[in-house]
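Asker:
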Amino acid sequence: MDTSDARKRDQIGNEIAALMGPLVRDLRTAFQTCAAELGLALSEAQAVWLLELRGTLTTKNLAQALDIDPANASTLITKLERRGLVGREEGAEDRRRRLVSLTADGRETRQQLARCIAERRPSFRELSTDELVTFRDLLRRVERASSG
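Numbering-wise, this note's numbering comes out as the position in the sequence shown, counting from 1, plus 42.
Shown next, in the form of structure tokens:
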């Protein structure tokens with residue numbers, strides 16, 4: 043890569059970072075506000091959101107996805123279970139593994155959270171559906187490159 047191309051990539055990268063900052067802050071604020079309105083701790087709302095996106099997870103996988111200690115994930119799951127938002131089952135292949143999934147109340151809570159955030163989040167109305175798909179796919183690609 044020649045120097046002018048490297049310089050241009052750096053400039054574009056810096057501009058993207060500057061544009062993403064306010065977007066991320068607005069999304070984080072909306073998420074925190076909506077979680078509080080639903081009586082959820084931030085970690086509880088994150089777990090409910092993640093379980094809706096990824097489906098049934100082991101306690102270990104949930105802990106990894108939330109970047110928390112498995113013991114803390116177990117405590118979090120217990121709180122959500124007491125509220126009726128998640129259920130735990132033994133793994134079919136390995137009974138030592140616990141599988142966590144949303145209950146009907148958990149799915150409804152996730153929908154309420156999503157509606158609340160949609161009312162507060164930065165607007166994507168200016169983008170077509172195809173543009174939103176491209177944006178999402180590019181973000182996924184960046185995420186995979188960052189975590190891999």
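The beta-carbon is built from N, C-alpha and C at its ideal position, and this holds for glycine as well.
What you are looking at is a predicted structure, and each value in this text was computed from that prediction instead of being measured.
Just the Cα atoms here: how many angstroms apart are T171 and R178?
Answerer: By one-based count along the sequence shown, residue 171 stands at place 129. By one-based count along the sequence shown, residue 178 stands at place 136. T171 and R178: Cα-Cα distance of roughly 10 Å.
Asker: Give the straight-line distance between the Cα atoms of G97 and A160, rounded to the nearest whole angstrom.
Answerer: Looking up residue 97 in the sequence shown gives position 55. Looking up residue 160 in the sequence shown gives position 118. One C-alpha to the other measures close to 21 Å.
Asker: Leaving aside the five residues before and after P112 along the sequence, list all residues of the same chain whose C-beta is less than 8 Å from its C-beta, in chain order.
Answerer: Numbered from 1 along the sequence shown, position 70 holds the residue referred to as residue 112. Hits under 8 Å: T101, K102 and A105.
Asker: Along the chain, where does the alpha helix (DSSP H) that runs through R130 open and close?
Answerer: Taking the sequence shown and counting its residues from 1, one reaches residue 130 at position 88. Unbroken run through R130 is the beta strand (DSSP E), V128 to E132; no alpha helix (DSSP H).
Asker: Around the C-beta of V66, are 16 or more other C-beta atoms found within 10 angstroms, so that it is buried, or is it exposed?
Answerer: In the sequence shown, the residue the question calls residue 66 occupies position 24. Per the 10 Å Cβ criterion, exposed.
Asker: Got a sec? Which residues, its chain only, sit under 7 Å from L127 by beta carbon, not counting five neighbours each side?
Answerer: Numbered from 1 along the sequence shown, position 85 holds the residue referred to as residue 127. V90, L144, T145, D147, G148 and T151.
Asker: Using the Cα positions of T117 and E131, report the straight-line distance between them to the nearest angstrom.
Answerer: Taking the first residue of the sequence shown as 1, we reach residue 117 at position 75. Taking the first residue of the sequence shown as 1, we reach residue 131 at position 89. So the two alpha carbons sit approximately 16 Å from each other.
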